[in-house]
Amino acid sequence: MLAKLSINELSLSAGKSGVSGQDIIMQKIRMVDLHGQYLHVKGEIDQAIQRVIDNTAFINGEDVRLFADELATYLNVPHVIPCANGTDALQIALMALDLNPGDEVIVPAFTYTATAEVILLLGYTPVYVDVYPDTFNIDPEKIKEAITPRTRVIMPVHLFGQCADMESILKIAGEHNLYVIEDNAQSIGADYTFSDGRKVKSGCMGHFGTTSFFPSKNLGCFGDGGAIITNDEKLAVKAKMISNHGQEKQYHHKLIGVNSRLDTLQAAILRVKLQHLDEYIAARQNLAAYYDEHLSADGRFSIPARSKNSTHVFHQYTLQLKEGSRDELIQQMKNQEIPVMIYYPMPVNEQEAYFTDRIIPVSHHLCETVFSLPMHTEMSQEQREYIVGNLLASSQKPGSLT
Ligand SMILES: Cc1ncc(COP(=O)(O)O)c(C=O)c1O
């Protein structure tokens, strides 16, 4: 859909947006522009889809194996096990660890609920801990405080595009003999650098990493998809078995498993998009740098902090509002046809289904103050200027935009 915006409207609403000239036609701004991204690789994607249709190996076709191998090469790990979605990936990873009912799994309170959902589904106990107020990732000091004799797993989430403090987390896990599952649904492609200089891709440091290929993710398919990542041969064999009805070989079921497969069509699409992942990341980082440059001087916002050991692949560009009304700001942006999202409006432990009678302060505060701007690989210069111009104008004169 096209939104026609006259330059007068732009200048009025965007203040010093720097745009001038006659009327322009601007593409509607979206949080994520999947169609624009598709058009850039249309030829390759259409060919890949047609290839799968022609050979009709819709389940467990050659592209699934090839995609797993290619992703393993990209991540520099020996084992990638594709599955149906990122939630299944978390569930399968947990199932492979043979925990006992009531065993405790430490998770951040500030995350998407899927991380905690699978823990409860399997009869384990999520223990919610707080996050850093700047990077939004799980705080290792709070992990230490939460460890009990029942703790078996730490599940950090690499939120919004950058890795949690894995060096500290792995150290704590080693000292207490705990498993680590990295929920890497949002940060595929980020690099983590250890203090000895070793560089490792996100999702490849713990016993398991998991990821999601939900369409809006940095590496997204055209439906649902996910993967489990591990360096451990034994865990890989087990996770693979669990993902396929617990079969050791066809019709020989050694374990109770699940049916969680990546469709061949999705694998074929992902093979194409994986080749462009680093370009996608660069485009996101470029947009983030633009937002930073233009928003950092505005005292009402905190721009996203960068972790010192991780690159940021900007699944989301998430600011904190330090003063004023977030609802009003979002409404003003909406009035200008600029989508703004809140990830997340409530910590997991305050959700009705997950409720604990405890306020986890930093997570609670973040849920009241964060907002995310459109972030994708196809943003035009005029769209960037329009977003930033409107945000600055609204912040300078709260309540002045209609
Ligand atoms: C942090 C996190 N974990 C897990 C998931 C679940 O992934 P999926 O939607 O593929 O099941 C998501 C998806 O939004 C996520 O953001």
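At position 82 of the sequence shown (counting the first as 1) the number is 259 in our numbering, and the numbers step up by one without a gap. Idealized CB from N, CA, C, for every residue including glycine. From a predicted model like this one, the values you see are computed outputs, not experimental measurements.
Tell me, please, whether the stretch 315 to 333 touches the stretch 353 to 363 by the rule of three or more beta-carbon pairs shorter than 8 Å. yes
How should N253 be labelled, buried or exposed, when 16 other C-beta atoms within 10 angstroms of its C-beta is the threshold for buried? Indexing the sequence shown from 1 puts residue 253 at position 76. Flag for N253 reads exposed.
With C-beta atoms as the reference, is L498 less than 9 Å away from S549? For this step, residue 498 is matched to residue 321 along the sequence shown. For this step, residue 549 is matched to residue 372 along the sequence shown. For L498 and S549, no; Cβs fall outside 9 Å.
So Y531 and A293 are supposed to be a Cβ contact under 8 Å. How far apart are they, rounded? As a first step, residue 531 must be located in the sequence shown, where it is residue number 354. As a first step, residue 293 must be located in the sequence shown, where it is residue number 116. Y531 to A293, Cβ: 6 Å. Contact.
Looking at L454 and G366, is the spacing between their C-beta atoms short of 9 Å? Your numbering for residue 366 matches position 189 in the sequence shown. Your numbering for residue 454 matches position 277 in the sequence shown. It is a contact, given that the beta carbons lie within the stated cut-off.
Helix, strand or coil at Q199 [DSSP, three-state]: Residue mapping note: residue 199 aligns to position 22 of the sequence shown, counting from 1. Interpretation of Q199 is limited by its pLDDT of 34, a score under 50 that renders its predicted location unreliable; the figure taken from the coordinates is listed afterwards. Three-state DSSP puts Q199 in coil, outside helix and strand.
With a cut-off of 8 Å, do at least 3 Cβ pairs link the stretch 469 to 477 to the stretch 225 to 236? no
Which same chain residues, not among the five before or five after D210, have their C-beta less than 7 Å away from its C-beta? Position 33 of the sequence shown, counted from the first residue, corresponds to residue 210. Answer for D210: H553 and E555, listed in chain order.
What number of angstroms, rounded off, separates the C-alpha of D409 from the C-alpha of L347? Here residue 409 refers to the residue found at position 232 when the sequence shown is read from its first residue. Here residue 347 refers to the residue found at position 170 when the sequence shown is read from its first residue. Answer to the nearest angstrom: the Cα atoms are 15 Å apart.
Any heavy atom of ligand 1 closer than 8 Å to the CB of N440? Numbered from its first residue, the sequence shown carries residue 440 at position 263. The sequence shown places Asp at residue 440, rather than the Asn named in the question. No, the beta carbon of D440 sits no closer than 8 Å to any heavy atom of ligand 1.
Supposed contact pair D368 and T387 - C-beta distance, whole angstroms, cut 8 Å: Start at 1 with the first residue of the sequence shown, and residue 387 comes out as number 210. Start at 1 with the first residue of the sequence shown, and residue 368 comes out as number 191. About 18 Å separates the two Cβ atoms, so there is no contact after all.
So, is Y301 buried or exposed, given that buried needs 16 or more other C-beta atoms within 10 angstroms? Counting from one through the sequence shown, the residue named residue 301 turns up at place 124. The residue in question, Y301, is buried, as its Cβ has 16 or more Cβ neighbours within 10 Å.
Would Y494 and Y468 qualify as a contact pair, given that the criterion is a beta-carbon distance under 9 Å? Position 317 of the sequence shown, counting from 1, holds the residue named residue 494. Position 291 of the sequence shown, counting from 1, holds the residue named residue 468. Yes, Cβ-Cβ distance for Y494 and Y468 is below 9 Å.
Any alpha helix (DSSP H) of 4 or more consecutive residues that is wholly inside the stretch 489 to 559: 503 to 512 and 538 to 546
Ordered along the chain, which non-local residues of its own chain (more than five positions away) have a Cβ less than 8 Å from that of A225? What you label residue 225 is simply residue 48 of the sequence shown in a count that begins at 1. Scanning its chain for C-beta atoms nearer than 8 Å, with the 5 sequence neighbours on each side dropped, one finds around A225 the residues D240, A445, I446, R448 and V449, in chain order.
DSSP-derived helix/strand/coil call for V254: Stepping through the sequence shown from its first residue, residue 254 is reached at position 77. Per DSSP, reduced to three states, the secondary structure at V254 is coil, with no helix or strand assignment.
If you count every other CB in all the chains shown that lies within 10 Å of the CB of R242, and 16 or more means buried, which is it? Taking the first residue of the sequence shown as 1, we reach residue 242 at position 65. Result: exposed.
Taking the CB atoms as reference points, tell me whether D265 and Y309 lie closer together than 9 Å. Position 88 of the sequence shown, counting from 1, holds the residue named residue 265. Position 132 of the sequence shown, counting from 1, holds the residue named residue 309. Cβ distance not < 9 Å, so D265 and Y309 don't count as in contact.
Using DSSP's beta-bridge definition, name the partner residues of A404. Taking the first residue of the sequence shown as position 1, residue 404 is located at position 227. P259 and T388, per the DSSP bridge assignment.
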